[in-house]
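Read the structure below first, then the notes.
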Ligand code: FES
Ligand code: FES
């Protein structure tokens, strides 16, 4: 058992965890942030994806202790029902989700993708970059459309800011 | 109607909670004093359980109890049942082996639960489960269904001699044989349908609690049909009488059939929650999901088709061997029989059909309905046969299909089904146009110039949804009625709650069902709440599977809305001193036709509840319910065309073009329907190219994780072109047919027809993985070189 402290969605949190406790478990069980999902046990599905210090991380592959001192963003920290992030909005507008289980991971992955590769992503890039996220419902068609739209909208935002 | 009525692409009401991480899935539920369950599972596919030692586990920190099957049976918990009785052709009932939620004598598949540990934390429960010592005596194993009926095969269940569950037939054998005797051409094939694992992304989960004072249980669970779960848990598993058991299926992360059934884990959690006196949670990990969620498909068939001199089909003969796994799951018997062989006529006029289906036990995970359930297997048989027949007689596959299409309705097939409406030419034409069928030859030449092989393949599927009517399915062996219920509650301020027995686990009912109210009353969908998934709120329902929620679930809502509308109109007529027949409802107002007199829906609702001035003898309130029992199945149909490009150096198959032209009857929300098609197509393409549940000869599931079971990912599939043609279903008030499974039904044969076209081979077994395609090309090259 050890003590960990980190910033999650801008708030400092701490908790006592076993050495083997995964970051995904800490987020879901200790912090009750249940938007981060667990869909597999081999780090293949991406349902658990969060950002740690600005980078996309599968929270089931990281120990809570490894995130000690870090800054974690989960789906709950991205936007609120009243004020959606452009990627969240694009998922809704393009019907990029059905059961919603993969969705938080998909959105976190999409934000990371746009942050890393810049706006105006093409379909091939998006499909390739989604390699670490599985969706069983949507057939990806509308997820790809949603990310494309969001990446274009974010380009507009950047342009307007220039 | 308003802009949110039938046919509008209304954005989903439910999305906000999902995109912001505010969904509420079963594993998100936490109850005070909750303990965690971990199951002790068999590592062997077939073994006697000699002893279960629990002392070490019980002594571990935080452990409340280690419970086994002896205690379960002593407490009177019933065996797990199959709810659809099938009789063999000799009239004998199916041979159902005994299945206990926790097995204490003989385990029959890897992963079968033997005991359950409850502890303070999940880690403690898992550690203790590891410490339970089970002594097994290994027994010989059957994995492949083709070995099950062999003489000398190991016997799995005493109730099923020779491992045969039933030997069933449909159609006229003698007449079909006669058609073959006089055939000009006979086409025959061996056709396999590979075993799949449904894999909804949310693993199954259960949170059970017992209130000792009230002797009342509550179960949160990942169910597609919470009322059916309660019925079965109560009537057959003796957990508690129905009024002492509440089942809640909150947000559910996909089902695809696998969450219809009531599994050992839910039963064990309920039972354990009383035994240990605290709420108990269990959530499957992905490995457990692979081992214990009911699998799909796994058929071996031989099929023969007879043609006359005009290339018209005169007969179809099919023999199918279906692997039901180690135990009979809830609807397992209906899948390879009434959901399969009744669709073998496809879109075609086939005067004589005979099918024989044998089902067997093997030491594998139980098999039951998975998206499409029987209909993908039937479509695969008939559409592979159509393609092969066309090639054999040298006809264009589209022309051959068209020549044999059913064109007049109603059409009675020789295998029970009576097709009520359709236009198969229309969907075939739409698909051919959308994919530019005529331009294929030049695209193929282009691919060849680039060193690639290109092929095109189609599939003209038909399926049956909204399985019904209750009386008919009852006579065929169903243990339940297949109607649906609905209740429409108008609140005093005019907002509306619709309680439905359907369950949404991705289908978007909260939106689609609200659109119906928008259509009827002109109210915004925001004024409507859809309530589902809780047996305490909704009186009863049959749940969501078999693409039934539109055709059956919404029809029940329509019936309840008819009654609400009728009462609202009577109140309006009374208040405005008009005759009832003159009242019209439009844009949320009730108007007297031809006058400017009107009252808002809210005013009528309020009047119904204040009850100060109602027509003589009328009861206060505005709330109506209805049960709807369909008169027939519905028959969605369409054409899928797939174009593939194969890299001969790697064997990789790329789907470069895919068109689906579907006739789903009336469509409420095209956006949601398209999403259903996309998802189904990728599951079907996944089956054809990637997915396969493979066992080794000892019965170990080799593909038990996402490392070994190839789930389709975004870059394995293309974007799709979708077309819609519409013939309304005459059997229900909205003319709906259902759209949830069509994608998974139509696509596998289209993909394989395209691959065999590209490779120039007659057949290719699913899944067409790169290594197998590459091998086939090598063999063919060697064969051609040798010739
Ligand atoms: S739960 Fe982390 S990748 Fe699947
Ligand atoms: S929306 Fe259900 S898994 Fe993606």
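Chains as they are written, first to last, in the numbering used here: chain A, 1 to 162; chain B, 163 to 949. C-beta: ideal position from N, C-alpha, C; glycine also. Keep in mind it's a predicted model, so treat the numbers as computed, not measured.
Using C-beta distances below 6 Å, list every residue in its chain close to residue i, excluding the 5 sequence neighbours before and after it, in chain order.
i: residue 176 of chain B; result: 672
i: residue 791 of chain B; result: 631, 632, 645
i: residue 19 of chain A; result: none
i: residue 504 of chain B; result: 577, 578, 579
i: residue 163 of chain B; result: A caution first: residue 163 of chain B carries a pLDDT of 44, below 50, which makes its placement in the model unreliable, though a value can still be read off. Cβ within range, chain order: 681.
i: residue 179 of chain B; result: 185
i: residue 706 of chain B; result: 386, 664, 665
i: residue 357 of chain B; result: 457, 459, 460, 855
i: residue 7 of chain A; result: 71
What residues from chain B crowd round residue i, counting only those whose CB sits closer than 7 Å?
i: residue 88 of chain A; result: 181, 182
i: residue 148 of chain A; result: By Cβ distance, chain B contributes nothing, its closest Cβ being about 10 Å from residue 148 of chain A, past 7 Å.
i: residue 190 of chain A; result: It is not possible to answer for residue 190 of chain A, since the shown part of chain A is limited to 1 through 162.
i: residue 7 of chain A; result: Neighbours of residue 7 of chain A on chain B: none; closest Cβ ~17 Å, over 7 Å.
In chain A, what lies closer than 7 Å to residue i by C-beta?
i: residue 668 of chain B; result: 98, 99, 137
i: residue 873 of chain B; result: 134
i: residue 190 of chain B; result: 34
What does residue i touch in chain A if you count any residue whose Cβ is under 9 Å from its own?
i: residue 558 of chain B; result: By Cβ distance, chain A contributes nothing, its closest Cβ being about 29 Å from residue 558 of chain B, past 9 Å.
i: residue 459 of chain B; result: The contacting residues do not exist; residue 459 of chain B stays about 16 Å from chain A at best.
i: residue 383 of chain B; result: Near residue 383 of chain B there are no residues of chain A at all, since even the closest Cβ is about 15 Å away, more than 9 Å.
In chain A, which residues lie with their C-beta within 8 Å of the C-beta of residue i?
i: residue 289 of chain B; result: None at all; the shortest Cβ gap to chain A is about 11 Å.
i: residue 285 of chain B; result: 18, 20
i: residue 364 of chain B; result: 37, 39, 99, 101
i: residue 414 of chain B; result: 99
i: residue 710 of chain B; result: Under the 8 Å cutoff, chain A gives no residues; its nearest Cβ is about 17 Å from residue 710 of chain B.
i: residue 361 of chain B; result: 136
i: residue 585 of chain B; result: Ordered by position in chain A, no residue passes the 8 Å Cβ test against residue 585 of chain B, which lies about 26 Å from the chain.
i: residue 582 of chain B; result: Residues of chain A passing the Cβ test: none, with the nearest at roughly 29 Å.
Give every residue of the same chain whose Cβ lies closer than 8 Å to the Cβ of residue i, excluding the five residues on either side of it in the sequence, and list them in chain order.
i: residue 44 of chain A; result: 132, 134
i: residue 727 of chain B; result: 682, 683, 747
i: residue 626 of chain B; result: 501, 504, 505, 537, 579, 795, 796, 797
Give me the chain B residues within the contact set of residue i, using Cβ-Cβ distance strictly less than 9 Å, ordered along the chain.
i: residue 103 of chain A; result: 177, 180, 181, 183, 185
i: residue 142 of chain A; result: 833, 836, 837, 840
i: residue 84 of chain A; result: 178, 181, 182
With 8 Å set as the bound, which would you pick, yes or no: does the beta-carbon of residue i sit closer than that to a beta-carbon of chain E?
i: residue 193 of chain B; result: You won't find chain E in this structure, because its protein chains are A and B.
Mind pulling the chain B residues with CB within less than 8 Å of residue i?
i: residue 93 of chain A; result: 173
i: residue 80 of chain A; result: 182
Go through its chain and collect everything with a Cβ distance to residue i's Cβ below 7 Å, but skip five positions before and after it.
i: residue 151 of chain B; result: For chain B, the structure presents residues 163 to 949; residue 151 of chain B sits outside this window and is missing.
i: residue 15 of chain A; result: 4, 26, 30
i: residue 154 of chain A; result: 86, 114, 119
field: Every unbroken alpha helix (DSSP H) within the segment 300-381 of chain B, with a cutoff of 4 residues, ordered by chain
entry: 307-310, 335-343
query: Which residues, in chain order, does the segment 842-868 of chain B contribute to contact with chain A at a C-beta distance below 7 Å?
result: 843, 844, 867, 868
Segments assigned alpha helix (DSSP H), at least 4 residues, entirely inside the segment 409-465 of chain B: Correct list: 426-438, 448-454.
query: Going along the segment 38-62 of chain A in order, which residues come within less than 7 Å of chain B, judged by CB to CB distance?
result: Correct list: 39, 40, 41, 42, 44, 45, 47.
query: Taking three-plus beta-carbon pairs below 8 Å as touching, is the segment 358-378 of chain B in contact with the segment 183-196 of chain B?
result: The segment 358-378 of chain B, when compared against the segment 183-196 of chain B, does touch it at the 8 Å Cβ threshold.
field: Sequence ranges, alpha helix (DSSP H) only - wholly within the segment 601-662 of chain B, length at least 4
entry: 602-611, 632-637
- request: Closer than 9 Å, Cβ to Cβ, to anything on chain B: give me those residues from the segment 108-136 of chain A, in chain order.
  value: Correct list: 123, 124, 126, 127, 128, 129, 130, 131, 132, 133, 134, 135, 136.
task: Output the residue ranges of the beta strand (DSSP E) runs that lie fully inside the segment 715-785 of chain B and measure 3 residues or longer, sorted by chain position.
output: 745-748, 751-754, 760-762
task: Note down, in chain order, all residues in the segment 819-836 of chain B with a beta-carbon under 8 Å from any beta-carbon belonging to chain A.
output: 833, 834, 836
message: Could you tell me which whole beta strand (DSSP E) segments of length 3 or greater appear in the segment 224-306 of chain B?
response: 225-230, 275-281, 295-300
field: Residues in the segment 63-76 of chain A having any Cβ partner in chain B nearer than 7 Å
entry: 74, 75, 76
message: To be precise: take each residue of the segment 877-892 of chain B, compare its Cβ to all Cβ atoms of chain A, and keep it if any distance is under 7 Å. Which residues remain?
response: 877, 879, 881, 882
message: Would you call the segment 265-285 of chain B in contact with the segment 198-209 of chain B, where contact means no fewer than 3 C-beta pairs closer than 8 Å?
response: yes
field: Residues within the segment 798-815 of chain B neighbouring chain A, beta-carbon criterion of under 7 Å
entry: none
message: I'd like to know if the segment 885-905 of chain B and the segment 823-836 of chain B are in contact, where contact means that at least 3 CB-CB pairs between them fall below 8 Å.
response: Touching, yes.
query: Per the contact definition of three or more C-beta pairs closer than 8 Å, is the segment 908-923 of chain B in contact with the segment 733-746 of chain B?
result: no
message: Which runs of the alpha helix (DSSP H) at least 4 residues long sit entirely within the segment 863-924 of chain B? Give them in chain order.
response: 904-921
- request: Could you pull out every unbroken beta strand (DSSP E) segment of at least 3 residues lying fully inside the segment 46-115 of chain A, listed in chain order?
  value: 49-52, 55-58, 71-73
query: Is the segment 141-154 of chain A touching the segment 79-91 of chain A in the sense that three or more CB pairs, one from each, lie closer than 8 Å?
result: yes
- request: Examine the Cβ distances between the segment 720-736 of chain B and the segment 648-668 of chain B and report whether three or more of them are shorter than 8 Å.
  value: As far as the Cβ criterion goes, the segment 720-736 of chain B touches the segment 648-668 of chain B, which means the pair count is three or higher.
message: For a minimum of 3 consecutive residues, which ranges assigned as the beta strand (DSSP E) are wholly contained in the segment 660-706 of chain B?
response: 690-693
query: What are the residues of the segment 436-453 of chain B that lie near chain A, defined by any Cβ-Cβ distance shorter than 7 Å?
result: 447, 448, 449
task: Could you tell me whether the segment 558-574 of chain B touches the segment 930-937 of chain B, using the rule of 3 or more Cβ pairs below 8 Å?
output: Taking 8 Å as the limit for Cβ pairs, the verdict is that the segment 930-937 of chain B does not touch the segment 558-574 of chain B.
query: If we count Cβ pairs, one from each stretch, closer than 8 Å, do we get three or more for the segment 901-915 of chain B versus the segment 800-816 of chain B?
result: yes
- request: Taking 8 Å as the threshold, find out whether the segment 416-435 of chain B comes into contact with the segment 293-311 of chain B through three or more Cβ pairs.
  value: no
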